[in-house]
Amino acid sequence: MNIQKVDPLAPRDGTETSPEVALNRRKWLKRTAAVGVTGGMIAAGAYWAGQRLKGTDEEVLTHGVIKEKPDLNLYPAKLEERFAYERDETDRAEAARYANFYEFSRYKYVWRFVEDFKPLPWKLTVAGHCNKPFEIDFEDLLRRFASSFRERQYRHRCVETWAMAVPWTGFQLSELIKAAEPTAKATHVRFVSFLRPDEATNQETDDAFPWPYVEGLTLEEATNELTFLATGMYGEPLFKQHGAPLRLVVPWKYGYKSIKSIERIEIVDSEPLPFWTEIKPDWYPFRSNVNPSVPIPWNQSRERMLGTGEQYDTQMYNGYGEYVTHMYPGRV
Ligand SMILES: Nc1nc2c(c(=O)[nH]1)N[C@H]1C(S)=C(S)[C@@H](COP(=O)(O)O)O[C@H]1N2
Ligand SMILES: [Mo]
């Protein structure tokens, strides 16, 4: 993500170098200049600081687990075979380690900063232009939509050009929207994440951002069969860093549309203003469909898989054209 507009000192995409790594590297550079140590040791110092922040697989896989799990036998859900990835599944620890969740940190390794976040109990509000608005406790939501639960294997493409292939558990957003009964006025859906500076350190300290995180889709996009509300990943409840207890997954759009830890879903009659669109509208426009031929502003034609570093050509609509092209006649 580029946050230069709010912080000219941020690295280009705001994410590749963590503050701790950068700080240590700077210290090392100073020291080595004074003492005249070799470049090999500079590299070793930066490497060591990076490793400490990355953590072991075991740390990464245990730190963000929600303690009280609703015991409803939802996981694992039945796999829908038609959404196979056509590439290797991303290692679970690699996905859990390298996340974007600005409420906790501007940088990666978010898992280190989610300790105070309490995703349960959780309440979801569904409101706006609908006949049946509702407010529902997360456990009741699971019960209400239990029969719609399934597992979906989706490719995910971040605008920073990293990608992953992971299995989500949840249900189609269309089911929830149908239950709310949108009225004739409804044209768009607005999603709002939490505002909890006590639990999310970066919401307290980083007031350059327009908290809370907001996203939006057209009603047609929101009810597309691909659009998924996920409560789990890899056959278990979501880790905190992946957006527990409930997040959106929109696989044909850049990753930032897939808003995490949703508190509010509003059915509205105009285009909402998403978080990143507010910060940088020319780079992160409302629609944000994955498109390898449009640089935003860096080249988007290739992508790199988390963990393996394997590279692929980025596909139009992230390869999901057969499900979504009809929504964008004559444009992208
Ligand atoms: N609330 C919230 N949702 C968010 C973000 C965020 O910072 N806050 N980052 C987005 C971005 S840029 C990406 S790529 C995906 C990353 O999902 P993952 O970390 O589970 O891989 O979450 C998206 N959803
Ligand atoms: Mo992203």
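Okay, so the sequence shown: first residue is 64 according to our numbering, each after it adds one. Note that beta-carbon positions come from the ideal geometry of N, C-alpha and C, so glycine has one too.
The segment 134-142 contacting the segment 185-197, beta-carbon criterion three pairs below 8 Å: no
Cβ neighbour criterion (16 or more within 10 Å) applied to A271: exposed
Assumed close pair V252, V313 - CB separation to whole angstroms, cut-off 8 Å: No, V252 and V313 are not in contact; Cβ-Cβ is about 11 Å, not under 8 Å.
Rounded separation between K343 and P337 - CA only: 10 Å
Proximal residues to Y383 (C-beta, below 7 Å), its chain only, five neighbours per side dropped: L289, P314 and W315
S256: CB within 7 Å of a non-hydrogen atom of ligand 1: yes
Element boundaries [beta strand (DSSP E), containing K320]: Looking at the DSSP string, K320 is not in any beta strand (DSSP E), and its letter there is neither H nor E.
Own chain partners of P260 with C-beta closer than 7 Å, once the 5 adjacent residues on each side are dropped: Q266 and E267
V312 in three-state terms, based on DSSP: strand
Check: F164 C-beta below 7 Å from any heavy atom of ligand 1: yes
DSSP-derived helix/strand/coil call for R350: coil
I322 Cβ short of 7 Å to ligand 1 heavy atom set: yes
Residue range of the unbroken alpha helix (DSSP H) whose run includes E278: Unbroken run through E278 is the beta strand (DSSP E), V277 to T281; no alpha helix (DSSP H).
Sufficient close CB pairs (3 or more, under 8 Å) joining the segment 290-301 to the segment 215-235: yes
Simplified DSSP assignment, three categories, for V255: strand
Residue span of the alpha helix (DSSP H) that contains I342, given as start and end: F338 to I342
Separation of G372 from R169, as counted between CA atoms: 22 Å
V123, buried or exposed, once every other Cβ within 10 Å from all chains shown has been counted against 16: buried
Terminal residues of the beta strand (DSSP E) in which I240 lies: Careful: I240 lies outside any beta strand (DSSP E), inside the alpha helix (DSSP H) at L236 to A243.
Assumed close pair R365, T153 - CB separation to whole angstroms, cut-off 8 Å: Actually they are not in contact, since the Cβ atoms of R365 and T153 sit about 17 Å apart, beyond 8 Å.
C-beta contact flag for W326 and S256 at 8 Å: Reading off the sequence shown, one finds Glu at residue 326, where the question assumed Trp. Result yes, Cβ atoms of E326 and S256 sit closer than 8 Å.
First and last residue of the uninterrupted alpha helix (DSSP H) at G384: G384 to V387
Any non-hydrogen atom of ligand 2 closer than 7 Å to V277 Cβ: no
Range of the contiguous beta strand (DSSP E) that encloses L137: Note, L137: premise wrong, no beta strand (DSSP E); not H, not E.
Three-state secondary structure (DSSP) of R75: Confidence in R75 is poor, its pLDDT being 38 and thus under 50, which makes the residue's placement too unreliable to answer from.
Near ligand 1: H251 beta-carbon under 7 Å from a heavy atom: no
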